[in-house]
Amino acid sequence: MSPKTYDAIVVGSGMTGGWAAKELTEAGLETLVLEAGRNVTPADYVEHVPPWQMRFRGLDNRKKRMADQPIQRECYACDEWSSKFFVNDHDNPYTTESDKPFLFLRGRQVGGRSIMWGRQVYRWSDLDFEANLRDGIAIDWPIRYADLSPWYDHVERFIGISGEKLGLPQLPDGQFLKPMELNCGEQVVRDALAKHWPGERVLTIGRCAILTEDHNGRAACHYCGYCERGCVTLSYFNSINATLPAARATGKLTLRPLSVAHSLIYDKKRNRVAGVRVIDGDTKHALEFRARVVFLCASTLESARILLNSATPDFPNGLANSSGELGHNLMDHIMGGGANGKIAAPADKKPVGRRPNGIYVPRFRNLQGGPKSTFLRGYGYQGGAGREGWGRGSDLPGFGADWKKALRQPGDWGFGFYGFGECLPNHNNYVEIDKTKNDAWGIPVLKIHCSYGDNEWALMKDASIAAAEMLAAAGAREITPFVEQNPPGKAIHEMGTARMGRDPKTSVLNAHNQAHDIPNLFVTDGACMVSTACQNPSITYMALTARACDYAVGAMKRKEI
Ligand SMILES: Cc1cc2nc3c(=O)[nH]c(=O)nc-3n(C[C@H](O)[C@H](O)[C@H](O)COP(=O)(O)OP(=O)(O)OC[C@H]3O[C@@H](n4cnc5c(N)ncnc54)[C@H](O)[C@@H]3O)c2cc1C
Ligand code: SF4
Numbered sequence: 322m323s324p325k326t327y328d329a330i331v332v333g334s335g336m337t338g339g340w341a342a343k344e345l346t347e348a349g350l351e352t353l354v355l356e357a358g359r360n361v362t363p364a365d366y367v368e369h370v371p372p373w374q375m376r377f378r379g380l381d382n383r384k385k386r387m388a389d390q391p392i393q394r395e396c397y398a399c400d401e402w403s404s405k406f407f408v409n410d411h412d413n414p415y416t417t418e419s420d421k422p423f424l425f426l427r428g429r430q431v432g433g434r435s436i437m438w439g440r441q442v443y444r445w446s447d448l449d450f451e452a453n454l455r456d457g458i459a460i461d462w463p464i465r466y467a468d469l470s471p472w473y474d475h476v477e478r479f480i481g482i483s484g485e486k487l488g489l490p491q492l493p494d495g496q497f498l499k500p501m502e503l504n505c506g507e508q509v510v511r512d513a514l515a516k517h518w519p520g521e522r523v524l525t526i527g528r529c530a531i532l533t534e535d536h537n538g539r540a541a542c543h544y545c546g547y548c549e550r551g552c553v554t555l556s557y558f559n560s561i562n563a564t565l566p567a568a569r570a571t572g573k574l575t576l577r578p579l580s581v582a583h584s585l586i587y588d589k590k591r592n593r594v595a596g597v598r599v600i601d602g603d604t605k606h607a608l609e610f611r612a613r614v615v616f617l618c619a620s621t622l623e624s625a626r627i628l629l630n631s632a633t634p635d636f637p638n639g640l641a642n643s644s645g646e647l648g649h650n651l652m653d654h655i656m657g658g659g660a661n662g663k664i665a666a667p668a669d670k671k672p673v674g675r676r677p678n679g680i681y682v683p684r685f686r687n688l689q690g691g692p693k694s695t696f697l698r699g700y701g702y703q704g705g706a707g708r709e710g711w712g713r714g715s716d717l718p719g720f721g722a723d724w725k726k727a728l729r730q731p732g733d734w735g736f737g738f739y740g741f742g743e744c745l746p747n748h749n750n751y752v753e754i755d756k757t758k759n760d761a762w763g764i765p766v767l768k769i770h771c772s773y774g775d776n777e778w779a780l781m782k783d784a785s786i787a788a789a790e791m792l793a794a795a796g797a798r799e800i801t802p803f804v805e806q807n808p809p810g811k812a813i814h815e816m817g818t819a820r821m822g823r824d825p826k827t828s829v830l831n832a833h834n835q836a837h838d839i840p841n842l843f844v845t846d847g848a849c850m851v852s853t854a855c856q857n858p859s860i861t862y863m864a865l866t867a868r869a870c871d872y873a874v875g876a877m878k879r880k881e882i
């Protein structure tokens with residue numbers, strides 16, 4: 322047992338753990354961050370390594386990938402460069418029902434998945450926070466947009482978000498740096514949408530956590546384009562680039578990599594969490610660390626797993642689970658309804674550089690006061706326009722010098738819309754501990770029960786039809802609508818399992834991410850979410866984390882915890 326009692330322990334150093342570390346240390350708390358994975362530094366970043374310097378020329382060691390990471394390889398970013406940032410599936414198993422696949426895509430290192438994330442950031446609005454109440458589904462969020470708006474501001478100002486202000490109620494504007502530019506193919510589609518659906522369908526450049534101007538000591542992006550491999554100029558936000566250095570600068574941070582949290586230590590007499598049981602990642606020795614307050618930021622499913630593995634006689638179904646809702650209401654955005662086509666954009670122009678961002682079309686279905694669809698909620702599109710390059714060789718007829726010459730010319734302009742839809746909360750989508758299986762550190766693993774319902778599939782079908790319709794309006798040809806059959810988990814926006822709420826009988830956490838049952842326990846990653854909206858969720862997790870830290874620090878000062 323460590324002799325020292327910290328003011329705070331944060332479990333996890335990824336997107337939310339980095340924020341908890343920054344906010345708690347800046348408030349003066351001696352904070353220990355327990356991180357399961359290895360240390361990562363900018364020396365690990367490989368975004369400038371070209372394919373010809375890679376052993377498998379960027380095509381990957383597919384046999385090894387299949388053997389070690391059969392699940393993780395399903396993520397587009399788990400390639401020859403970045404597979405080192407994804408877990409080994411044999412060391413980190415989980416189970417599912419045979420007819421309900423779930424892709425559990427994870428990064429276990431300092432920085433977590435903030436290293437490989439797609440950096441798309443969209444605020445939620447009251448259309449989202451009021452949705453469950455309006456539809457009579459699950460429970461109401463205990464907060465509204467006004468509660469979170471100053472915390473979105475706080476997070477955005479620090480991390481640096483580039484984007485365009487639109488003044489849309491369903492997608493509030495934020496503290497933006499100058500937006501990246503749409504290419505001329507995207508401008509063609511933007512103009513067609515504005516002409517055919519004025520005020521309804523809007524195409525904008527993605528709002529993203531990438532700097533278009535120097536910001537807070539980090540350099541503007543130089544459009545090299547492979548951010549999931551890291552970024553030596555620190556131009557996109559991840560916790561290694563931004564929040565952890567800020568926490569370190571306070572002198573109050575202790576970061577302990579290779580520290581796998583096994584469970585929480587519960588002090589029944591005080592009804593407080595006393596600390597965290599850890600398995601050392603190297604030696605596999607059991608250790609204990611103590612603190613006045615504990616923040617779980619290990620990611621949605623890992624935080625739920627820690628709580629479920631922390632069952633005591635008083636909480637036989639998992640710590641802080643008097644409601645019985647711990648582990649339940651697991652959600653992930655459904656994605657993959659959309660359409661591709663060839664568009665008539667200027668043939669004498671082509672995109673320059675590798676802009677690490679695409680377009681966004683905010684939700685336009687079931688808005689307040691607008692027409693209602695046969696399904697609930699809505700979807701937004703990501704995507705973009707580009708021209709085919711020399712890689713189209715196998716499609717181009719001919720051979721010899723003329724063929725090579727033709728390949729040097731850019732091909733047709735193409736455009737793709739790719740939908741991300743809301744997933745409804747459902748008590749029957751849940752995780753439990755699989756007592757028959759342990760991970761490489763001897764810790765029982767999760768059994769995940771999750772599938773999409775009719776509403777999610779209806780959203781993707783509509784997203785595919787509407788995308789084809791928009792391409793047609795833009796004069797596209799060879800339009801190909803699609804609905805991918807992606808299992809839950811694939812969008813990597815898993816949420817729920819320890820939801821917030823007003824009533825301790827139906828929720829695990831209160832409006833400040835504090836466990837109803839145990840006042841010095843906070844869970845601020847995606848486990849706390851009550852619904853999913855259709856926007857990428859990480860900026861909301863970060864804002865909730867900063868807000869919860871502020872509340873916890875106040876409660877500690879008031880000696881409430
Ligand atoms: C390829 C990719 C693209 C994405 N694109 C986007 C996007 O564009 N926009 C968006 O909003 N989101 C995106 N996401 C999702 C985003 O990365 C996650 O929502 C976010 O990282 C979640 O933050 P977190 O802190 O909960 O978890 P993570 O960032 O995963 O961090 C969790 C940390 O906890 C550690 N940990 C886990 N278990 C334990 C334990 N038992 N003990 C100690 N430490 C533990 C892990 O090692 C990890 O470091 C993407 C993800 C991926 C992989
Ligand atoms: S594209 Fe920009 S943010 Fe991405 S790795 Fe390159 S410089 Fe960094």
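In the numbering used here, the protein residues as written are 322 to 882.
Yeah, the Cβ is synthetic: ideal placement off N, Cα and C, and Gly gets one too.
All values reported here derive from a predicted model rather than from experimental measurement.
* **Residue environment, Y397, which counts as buried when at least 16 other CB atoms sit within 10 Å** => Your numbering for residue 397 matches position 76 in the sequence shown. Exposure of Y397 is indicated by the presence of fewer than 16 other C-beta atoms within 10 angstroms of its C-beta.
* Asked: Regarding E502 and ligand 2, is the C-beta to nearest heavy atom distance less than 8 angstroms?
  -> Start at 1 with the first residue of the sequence shown, and residue 502 comes out as number 181. Ligand 2 never approaches E502 closely enough for any of its heavy atoms to be under 8 angstroms from the residue's Cβ.
* Asked: With respect to 8 angstroms, is the separation between the Cβ of M821 and the closest non-hydrogen atom of ligand 1 below this value?
  -> For the purposes of this step, residue 821 is taken as residue 500 along the sequence shown, with counting starting at 1. For ligand 1, no non-hydrogen atom lies closer than 8 angstroms to the CB of M821.
* Asked: At a cut-off of 8 angstroms, is E347 close to ligand 1 when judged by its beta-carbon and the heavy atoms of the ligand?
  -> As a first step, residue 347 is located in the sequence shown; it is residue number 26 there, counting from the start. For E347, the shortest separation between its Cβ and any heavy atom of ligand 1 does not lie below 8 angstroms.
* Within the same chain, show all residues whose beta-carbon is closer than 8 angstroms to that of K589, passing over the 5 residues directly before and after it, in chain order. => Position 268 of the sequence shown holds residue 589. Once the five neighbours on either side are set aside, the close Cβ partners of K589 are T633, D635.
* Asked: Quick one: complete beta strand (DSSP E) runs, 3+ long, within the segment 689–767?
  -> Unbroken beta strand (DSSP E) runs of no fewer than 3 residues, entirely contained in the segment 689–767, are found at 700–708, 734–742, 751–759, following chain order.
* To do: Could you tell me which residues DSSP pairs with R598 in its beta bridges?
  => Numbered from 1 along the sequence shown, position 277 holds the residue referred to as residue 598. Answer is S584, E609, bridged to R598.
* Sheet register partners of F803 (DSSP bridge) -> Within the sequence shown, the letter at position 482 stands for residue 803. Looking at the DSSP output, F803 shares a beta bridge with G659.
* Asked: Any idea which residues DSSP pairs T575 with across the strands?
  -> As a first step, residue 575 must be located in the sequence shown, where it is residue number 254. In DSSP, T575 forms a bridge with L353.
* To do: Could you tell me which of V682, Y466, N750 sits nearest to A787, measuring between CA atoms?
  => On the sequence shown, position 466 is the one that residue 787 refers to. Comparing Cα positions, the closest option is V682.
* In whole angstroms, what separates the C-alpha of I464 from that of R444? -> Counted from its first residue, the sequence shown places residue 464 at position 143. Counted from its first residue, the sequence shown places residue 444 at position 123. The alpha-carbon separation between I464 and R444 amounts to approximately 14 angstroms.
* F406 by DSSP, collapsed to three states: which one? -> Translated into the one-based positions of the sequence shown, residue 406 becomes position 85. F406: helix per DSSP, three-state reduction.
* Between P802 and the rest of its own chain, which residues show a CB-CB distance below 8 angstroms, the 5 nearest in sequence each way excluded? -> Reading the sequence shown from its first residue, position 481 is the one you call residue 802. Same-chain partners within the cutoff: G659, A660, S785, I786, A788, A789.
* Asked: If you measure from the CB of I561, is any heavy atom of ligand 2 nearer than 8 angstroms?
  -> By 1-based counting over the sequence shown, the position of residue 561 is 240. For ligand 2, no non-hydrogen atom lies closer than 8 angstroms to the CB of I561.
* To do: Please go through the same chain and pick out, in chain order, the residues whose beta-carbon is closer than 6 angstroms to the beta-carbon of R478, but skip the five residues on each side of it.
  => On the sequence shown, position 157 is the one that residue 478 refers to. Cβ neighbours of R478 beyond the five flanking positions: Q496.
* To do: Quick one: grab the DSSP three-state call for M816.
  => The residue labelled residue 816 in the question sits at position 495 within the sequence shown. In the structure shown, M816 falls within a strand segment according to DSSP collapsed to helix, strand and coil.
* To do: Confirm the yes/no value for this check: CB of N807, any heavy atom of ligand 1, distance under 8 angstroms.
  => What you label residue 807 is simply residue 486 of the sequence shown in a count that begins at 1. Because no heavy atom of ligand 1 lies under 8 angstroms away, the Cβ of N807 does not count as near it: no.
* Asked: Helix, strand or coil: how does DSSP classify Y872 here?
  -> Walking along the sequence shown from the start, residue 872 turns up at place 551. Y872 falls in the helix class under three-state DSSP.
* From G358 to L728, what does the alpha carbon distance come to, in whole angstroms? -> What you label residue 358 is simply residue 37 of the sequence shown in a count that begins at 1. What you label residue 728 is simply residue 407 of the sequence shown in a count that begins at 1. Rounded to the nearest whole angstrom, the C-alpha separation of G358 and L728 is 45 angstroms.
* To do: Report, in whole angstroms, the separation of the C-beta atoms of Q393 and D410, which I expect to be a contact under 8 angstroms.
  => In the sequence shown, counting from the first residue as 1, residue 393 sits at position 72. In the sequence shown, counting from the first residue as 1, residue 410 sits at position 89. For Q393 against D410, the beta-carbon gap comes to about 6 angstroms, under 8 angstroms, which counts as contact.
* **Straight-line Cα distance separating R708 from A795** => By 1-based counting over the sequence shown, the position of residue 795 is 474. By 1-based counting over the sequence shown, the position of residue 708 is 387. A straight-line Cα-Cα distance of about 16 angstroms links A795 and R708.
* **Beta-carbon contacts of S772 that lie in its chain and below 6 angstroms, excluding the five residues immediately before and after** => In the sequence shown, counting from the first residue as 1, residue 772 sits at position 451. Taking S772 as the centre and dropping the five residues before and after it, the same chain places the C-beta of K421 closer than 6 angstroms to its C-beta, in chain order.
* To do: With DSSP collapsed to three states, give me the class of Q835.
  => For this step, residue 835 is matched to residue 514 along the sequence shown. If DSSP states are grouped into helix, strand and coil, Q835 belongs with the strands.
* Find the nearest neighbour of R593 within the set P324, A329, K325, judged by alpha-carbon distance. => Here residue 593 refers to the residue found at position 272 of the sequence shown. Closest in C-alpha terms to R593, from the list P324, A329, K325, comes A329.
* **Cα-Cα separation, N630 to L579** => If you number the sequence shown from 1, residue 630 lands on position 309. If you number the sequence shown from 1, residue 579 lands on position 258. Take the alpha-carbon of N630 and the one of L579: they are about 19 angstroms apart.
* Can you check the segment 461–497 for any alpha helix (DSSP H) of at least 4 residues that lies completely inside it and give the ranges in chain order? => Complete alpha helix (DSSP H) runs here, min 4: 466–480.
* Asked: Thinking C-alpha only, which one of A348, D601, D468, K725 is nearest A570?
  -> As a working note, residue 570 is residue 249 in the sequence shown. The closest CA to that of A570, considering only A348, D601, D468, K725, is found on A348.
* Asked: Name the DSSP beta bridge partners of H770, please?
  -> Your numbering for residue 770 matches position 449 in the sequence shown. According to DSSP, residue pairing for H770 in a beta bridge involves Y751.
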